[in-house]
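S.K.:
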Amino acid sequence: MQAGNGEVLVVEDEPLVALMIEDMLTDMGFTVAAVVHTEPAAQDALAKHRPRLAILDFELGRGNSLDLIAQCRTNGTAVIVATGHTAAELPEECRDSPILTKPFSIEQLSAALEQALASAR
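Its first residue numbered 235, the sequence shown is counted upward by one per residue in our numbering.
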């Protein structure tokens, strides 16, 4: 995975998990546009930064990230869905994005990044 593939938005409601993802991305040479913990903050970050890719926690508080996934697709932002669920447990709207099952390694994140960025081209 080459660095310099654009900015990444991280949307994760668990601060420690968000920090882990941010550290992994930085170690791989990516620029983290923003790390946010709620859907409204994510919507603001998507509008402000227009990132190339977003890593979205599927469950955000009492809701989910389906609206954010749709917004990313409309904006041309590639999506990776991070979740504690299996792919089969997620709605159909998630299944054409790479799915990272928590906990995940930097190698698994790297593979998901490659897949998401390749499909966005």
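We put the CB at the ideal spot given by N, CA and C, even for glycine. Treat the numbers as computed from the prediction; the structure is a model and nothing was measured.
Three or more C-beta pairs closer than 8 Å, one from the stretch 316-330 and one from the stretch 267-280: is that the case here?
M.R.: Not touching, per the Cβ criterion.
S.K.: How should D278 be labelled, buried or exposed, when 16 other C-beta atoms within 10 angstroms of its C-beta is the threshold for buried?
M.R.: When all chains shown are included, D278 counts as exposed.
S.K.: Please determine, among G295, T317 and A276, the residue with the shortest C-alpha to C-alpha distance to A304.
M.R.: When only C-alpha atoms are compared, the closest one is A276.
S.K.: In chain order, what residues of the same chain lie with their CB nearer than 7 Å to the CB of L259, ignoring the 5 residues before and after it?
M.R.: For L259, where only same-chain residues beyond five positions count, the Cβ hits under 7 Å are V242 and V266.
S.K.: From the DSSP output, in three-state form, read off E293 for me.
M.R.: Three-state result, E293: strand.
S.K.: In whole angstroms, what separates the C-alpha of K336 from that of H319?
M.R.: Roughly 8 Å separates the two Cα atoms.
S.K.: Assuming V245 contacts I289 (C-beta within less than 8 Å), just tell me the rounded distance between them.
M.R.: That pair is a contact at about 7 Å.
S.K.: As a quick exercise: from G297, C306, P332 and V251, pick the residue whose alpha carbon is nearest that of Q349.
M.R.: Out of G297, C306, P332 and V251, P332 has the C-alpha closest to the C-alpha of Q349.
S.K.: Is E273 buried or exposed, if buried means 16 or more other CB atoms sit within 10 Å of its CB?
M.R.: Its Cβ being crowded by 16 or more others within 10 Å, E273 is buried.
S.K.: Would you report the Cα separation of L206 and E341, rounded to the nearest angstrom?
M.R.: As displayed, the chain neither begins before 235 nor continues past 355, which places residue 206 out of reach and without an answer.
S.K.: Does the beta-carbon distance from R286 to G240 come in below 7 Å?
M.R.: Yes, Cβ-Cβ distance for R286 and G240 is below 7 Å.
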